[in-house]
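For the sequence shown, the residue numbers in this note's numbering are 196 to 454.
Even glycine gets a Cβ: it sits at the ideal position worked out from N, Cα and C.
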Amino acid sequence: MNKIDIRTVDVVQYIKPLREGGSLPAIVKADDEFLYVLKFRGAGQGKRALIAELLGGELARAIGLKVPEIVFMNLDDSFSKTEPDEEIQDLLKFSVGLNLGLHFLSGAIVYDPLVSIADAMTASKVVVLDSMISNIDRTAKNTNLLNWHNELWLIDHGSSFYFHHNWETWQAHLTRTFPAIKDHVLLDRAAHLTEAAQEIRQSLNEDHIREIVSKIPDDWLFDESVAMTPDEMRAAYVEFIQVRLSKIDILVKEAEDAR
Numbered sequence: 196m197n198k199i200d201i202r203t204v205d206v207v208q209y210i211k212p213l214r215e216g217g218s219l220p221a222i223v224k225a226d227d228e229f230l231y232v233l234k235f236r237g238a239g240q241g242k243r244a245l246i247a248e249l250l251g252g253e254l255a256r257a258i259g260l261k262v263p264e265i266v267f268m269n270l271d272d273s274f275s276k277t278e279p280d281e282e283i284q285d286l287l288k289f290s291v292g293l294n295l296g297l298h299f300l301s302g303a304i305v306y307d308p309l310v311s312i313a314d315a316m317t318a319s320k321v322v323v324l325d326s327m328i329s330n331i332d333r334t335a336k337n338t339n340l341l342n343w344h345n346e347l348w349l350i351d352h353g354s355s356f357y358f359h360h361n362w363e364t365w366q367a368h369l370t371r372t373f374p375a376i377k378d379h380v381l382l383d384r385a386a387h388l389t390e391a392a393q394e395i396r397q398s399l400n401e402d403h404i405r406e407i408v409s410k411i412p413d414d415w416l417f418d419e420s421v422a423m424t425p426d427e428m429r430a431a432y433v434e435f436i437q438v439r440l441s442k443i444d445i446l447v448k449e450a451e452d453a454r
């Protein structure tokens, strides 16, 4: 199994907000000279959205889907002091510390279900993955997909793993399926769901899942309002993903019925 290496970079320039994103992400430049889309810990869903982004993105990469490089991004307090927009100023102020970034794909086009490229096997893998991680945000209204160099790229998994917004009831989600798959933007193209599930089974094992989950920073997991420790939360994420993987045939049948 390949070790997952998430680089850490420092933000050196705030370039512009992406106002089409509900949580107001931004294009920034880092000290490695690359541009990134920065997801802020101080945004609406907070650090849990960053955790979902990290887990969803790296699971997608592990099963052979295209995802921009994910990095940890340090943001210092200097940016909020020079920002004239009050909304952005507050966001920057509340996001000092470790955030998450995705490599900016210059020239990428937002996926349009009527004209964009998505082959049946790729579409099927995305549908099955999103069922596994309970990603409610890949609909025709908000595809969270890009076409770049004639390939389909996945972005924005921040609405996945929504069980972690209430840790007291997280175990109840282990037995649930994912009826929201009926609204998935790629469902009509997902003609190889069974084959996709087989590939996902072969690509993911417990060691790989643990490796991905181990990359969640303690800082993102610490929450005074929750009785669980960071290690207990990591164990819960591992269990959730493993249980979903074990129920993949049920999720595939649900998606096939929805088609």
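- Runs of beta strand (DSSP E) with 3 or more residues, each lying fully within the stretch 298-359, are found at 340-343, 346-349, listed in chain order.
- The beta carbon of residue 262 lies closer than 6 Å to those of 252, 255, 256, 349 in the same chain, with the five residues before and after it left out.
- With a beta-carbon spacing of about 43 Å, residue 291 and residue 388 fall beyond the 8 Å limit used to define contacts.
- Excluding five sequence positions before and after residue 438, the CB atoms of its chain that fall closer than 7 Å to its own CB belong to 369, given in chain order.
- If you draw a straight line from the Cα of residue 211 to the Cα of residue 218, it comes to about 14 Å.
- Rounded to the nearest whole angstrom, the C-alpha separation of residue 281 and residue 269 is 21 Å.
- Going by DSSP, residue 212 is part of the beta strand (DSSP E) stretching over 203-212.
- The shortest C-alpha to C-alpha distance from residue 250 to any of 408, 391, 419, 445 is the one to 408.
- The Cβ neighbour count for residue 301, taken over all protein chains shown within 10 Å, is under 16; the residue is labelled exposed.
- Relative to the Cα of residue 231, the nearest Cα in the group 242, 240, 213 belongs to 213.
- A straight line joining the alpha-carbon of residue 205 with that of residue 226 spans about 6 Å.
- Only residues of its own chain outside the window of five on either side were considered, and among them 320, 324, 394, 395, 398, 399 have a CB closer than 7 Å to the CB of residue 258, listed in chain order.
- Selection 241, 222, 406, 322 evaluated against residue 392 yields 322 as nearest (Cα-Cα).
- Exclusion of the five residues before and after residue 199 leaves 253, 406, 407, 410 as the residues of its chain whose Cβ lies within less than 8 Å of its Cβ.
- Per DSSP, residue 381 lies in no alpha helix (DSSP H) and is assigned neither H nor E.
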